[in-house]
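Here is the structure we will look at.
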Amino acid sequence: MTTAPTTTSAWTERYAGALMNTFGAPKTVLARGEGAHVWDADGREYVDLLGGIAVNALGHAHPRLVAAVTEQLQTLGHVSNFFASAPQITLAERLVGLLGTDARVFFTNSGTEANEAAFKLTRRTGRTRIVVTEGSFHGRTMGALALTSKEAYRAPFEPLPGEVVFVPYGDVAALEAVVDNDTAAVLVEPVQGEAGVIVPPRGYLPAAQRIAHDNGALLWLDEIQTGVGRTGTWFAHQNPALVDAPVAPDIVTLAKGLAGGIPIGACLATHGSGKLFDPGNHGTTFGGNPVAAAAALAVLDVLDEDDLLARAITLGARLQEGVGADPRVRETRGSGLLVGLTLAEPRAAEVVAAAQDAGFIVNAATPERIRMAPPFVLADADAEAFLGTWPAILDQAGVRA
5 MTTAPTTTSA
15 WTERYAGALM
25 NTFGAPKTVL
35 ARGEGAHVWD
45 ADGREYVDLL
55 GGIAVNALGH
65 AHPRLVAAVT
75 EQLQTLGHVS
85 NFFASAPQIT
95 LAERLVGLLG
105 TDARVFFTNS
115 GTEANEAAFK
125 LTRRTGRTRI
135 VVTEGSFHGR
145 TMGALALTSK
155 EAYRAPFEPL
165 PGEVVFVPYG
175 DVAALEAVVD
185 NDTAAVLVEP
195 VQGEAGVIVP
205 PRGYLPAAQR
215 IAHDNGALLW
225 LDEIQTGVGR
235 TGTWFAHQNP
245 ALVDAPVAPD
255 IVTLAKGLAG
265 GIPIGACLAT
275 HGSGKLFDPG
285 NHGTTFGGNP
295 VAAAAALAVL
305 DVLDEDDLLA
315 RAITLGARLQ
325 EGVGADPRVR
335 ETRGSGLLVG
345 LTLAEPRAAE
355 VVAAAQDAGF
365 IVNAATPERI
375 RMAPPFVLAD
385 ADAEAFLGTW
395 PAILDQAGVR
405 A
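So for the sequence shown, my numbering puts the first residue at 5; every next one is plus one.
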């Protein structure tokens, strides 16, 4: 019997010997979590301001989530796609209700799988052309990767599927110039997360809808990072701070925070789009798993009952105000608890390292941009502790005004 390592360095050595080198060396090895706090294998404590990249909506070890998963696993763990379960059906109904329009749901295990399902759904229109934005990130599987603009991700795996056209993000004229009667769908993130929390003009999403529908194309919104209350409303396209007119997408994809850390994804298709798939057109073994569905229902219940969407707005505004007060921050952006900032110098990696040394976890989205997506349960005291330490973090990272 192999004795389990007890230190971060020992675990990291085993990691290097057993896992593919797809992520590089881990920043540390986490051992446990509670609320918005995590501890590494050396017992070092951190305030988690990234939330597993907008996944851990209720933080770590939330009692309602633990209870829901435990109870469901003791009742019914997996049923395959030959059967349905009550949590699966109930969750689908709940998501349709939150979307506020007639829709049908296909459950997956992740965001990239939700986008794969949506990509296939667009092919059922009889068209093949997809218009996507520069700076986009929609996943790493081959179909989703074809829709992701970053050249470094795409180039090693080309040729990629699909007829995909990229246009500048937030640019209505660029959409008008390329969307035509051959376009199957216009794919947009309401806020670009991986690009560093980039917020488009408030009229952009309504204009994207108009342009798509004028040409008989679908409007597909990737809400994998922005959905489930992250921006302060259930869906970002419903947020009056982000749009100046109602938006009614044909397809919405979700994942990340939906089940609070249990793998899940969902593709929602409205009205006629929800009936484009016929039996046999698509499938999944684990999608809609009753344990994942029960977890998602618990997350939605807690967000609603504890009024955490409203808290996301106030706490996110406080984080933006606090980090933006330092002159070494050129700009802050975002909505709710999806917060981005641009540094005066391209030292984001150094800021992430300095923050971790100080006991805080943040993310370098680009060389000059920092992203934060903390749990909704982040305590005010933890937020203030971070803001109080922020100038010293920038000092240690060598960021100048």
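Even for Gly, the Cβ is constructed at its ideal location relative to N, Cα and C. What you are looking at is a predicted structure, and each value in this text was computed from that prediction instead of being measured.
Whole-angstrom distance between residue j and residue i, CA atom to CA atom
i       : j       : result
Thr-289 : Gly-326 : 45 Å
Gly-81  : Ala-148 : 29 Å
Gly-236 : Ala-377 : 12 Å
Leu-209 : Ala-353 : 32 Å
Ala-389 : Ala-189 : 45 Å
Asp-410 : Leu-258 : In the structure displayed, the chain extends from 5 to 405; residue 410 sits before or after that span and is not available.
Arg-373 : Ala-299 : 32 Å
Gln-242 : Asn-119 : 20 Å
Leu-398 : Ala-362 : 11 Å
Asp-184 : Leu-191 : 14 Å
Gly-104 : Leu-341 : 23 Å
His-275 : Val-109 : 11 Å
Thr-112 : Glu-38  : 27 Å
Val-171 : Val-136 : 6 Å
Gln-213 : Arg-315 : 30 Å
Pro-253 : Thr-129 : 15 Å
Glu-335 : Asp-310 : 31 Å
Gln-4   : Trp-15  : Residue 4 is absent from the model: the chain starts at 5 and stops at 405.
Ala-3   : Arg-404 : Residue numbering for the chain in the displayed model covers 5 to 405; residue 3 lies beyond these limits and cannot be assessed.
Ala-156 : Gln-360 : 27 Å
Pro-194 : Thr-10  : 43 Å
Ala-273 : Arg-158 : 27 Å
Arg-375 : Tyr-19  : 26 Å
Gly-47  : Ser-277 : 50 Å
Gly-320 : Phe-86  : 43 Å
Gly-28  : Arg-351 : 19 Å
His-41  : Pro-163 : 43 Å
Ala-71  : Val-59  : 18 Å
Thr-94  : Gly-292 : 11 Å
Trp-394 : Ala-65  : 27 Å
Ile-317 : Ala-396 : 26 Å
Thr-145 : Phe-161 : 10 Å
Met-5   : Thr-12  : A caution first: Met-5 carries a pLDDT of 45, below 50, which makes its placement in the model unreliable, though a value can still be read off. Each residue's alpha carbon lies about 20 Å from the other.
Tyr-50  : Ile-202 : 27 Å
Phe-380 : Ala-88  : 31 Å
Asp-218 : Val-176 : 14 Å
Pro-30  : Thr-152 : 24 Å
Asn-127 : Ile-134 : With the sequence shown as reference, residue 127 is identified as Arg, and Asn is not the correct amino acid for it. Each residue's Cα considered, the two are about 10 Å apart.
Ala-348 : Gly-207 : 29 Å
Met-24  : Thr-230 : 29 Å
Ala-385 : Gly-287 : 45 Å
Ala-240 : Glu-227 : 7 Å
Val-182 : Lys-154 : 20 Å
Residue nearest to residue i in terms of C-alpha spacing, selected from the options
i       : options                            : result
Gly-233 : Thr-257, Gly-261, Asp-218, Gln-213 : Gly-261
Thr-74  : Ala-302, Leu-312, Arg-334          : Ala-302
Leu-323 : Leu-382, Ala-298, Gly-47, Ala-297  : Leu-382
Lys-124 : Ala-178, Phe-86, Leu-280, Gly-174  : Leu-280
Pro-205 : Met-146, Ser-153, Arg-337, Val-306 : Arg-337
Leu-313 : Leu-345, Ser-339, Ala-297          : Ser-339
Phe-179 : Gln-196, Arg-144, Ile-215, Val-201 : Correcting the residue type first, residue 179 is Leu in the shown sequence and not Phe. Ranking Gln-196, Arg-144, Ile-215, Val-201 by Cα distance to Leu-179 puts Ile-215 first.
Glu-117 : Thr-12, Ala-348, Val-256           : Val-256
Thr-32  : Thr-129, Ala-357, Gly-63           : Ala-357
Ile-365 : Ala-240, Ala-387, Ser-153, Asn-25  : Ala-387
Asn-367 : Arg-18, Val-343, Ala-121, Gly-320  : Val-343
Val-247 : Asp-282, Ala-177, Ala-211          : Ala-211
Leu-307 : Ala-61, Asp-384, Ser-89            : Ala-61
His-142 : Leu-347, Cys-271, Ala-107          : Cys-271
Sub-9 Å separation of residue i and residue j beta-carbons
i       : j       : result
Pro-294 : Val-83  : yes
Leu-34  : Ala-45  : yes
Asp-186 : Arg-131 : yes
Gly-269 : Gly-115 : yes
Gln-78  : Pro-91  : no
Gln-196 : Gly-139 : yes
Tyr-173 : Ala-150 : no
Leu-345 : Gly-328 : yes
Any non-hydrogen atom of the ligand COA within 8 Å of residue i CB
i       : result
Asp-311 : The ligand COA is absent from the structure shown, which contains no ligand whatsoever.
Is it true that the region 90-99 meets the region 159-177, where meeting means three or more beta-carbon pairs spaced less than 8 Å apart? Output reads no: the region 159-177 does not touch the region 90-99.
Would you be able to state if there are at least three C-beta pairs under 8 Å between the region 213-227 and the region 263-270? Look at the beta carbons and you see the region 263-270 not touching the region 213-227: under three pairs across the two are nearer than 8 Å.
For the region 321-384, which segments carrying the beta strand (DSSP E) assignment without a break, of at least 3 residues, lie completely within its bounds, in sequence order? Whole beta strand (DSSP E) segments, 3+ residues: 333-339, 342-347, 367-370, 373-376.
List in chain order: all unbroken beta strand (DSSP E) runs of 3+ residues lying wholly within the region 233-309. Whole beta strand (DSSP E) segments, 3+ residues: 255-258, 269-274.
What ranges does the beta strand (DSSP E) occupy inside the region 132-205, keeping only unbroken runs of at least 3 residues that lie completely in it? You should have 133-137, 167-171, 187-192.
Going along the chain, which unbroken runs of the beta strand (DSSP E) with 3 or more residues stay wholly within the region 42-129? Look at the region 42-129 and you find these whole runs of beta strand (DSSP E), each 3 residues long or longer: 49-52, 107-112.
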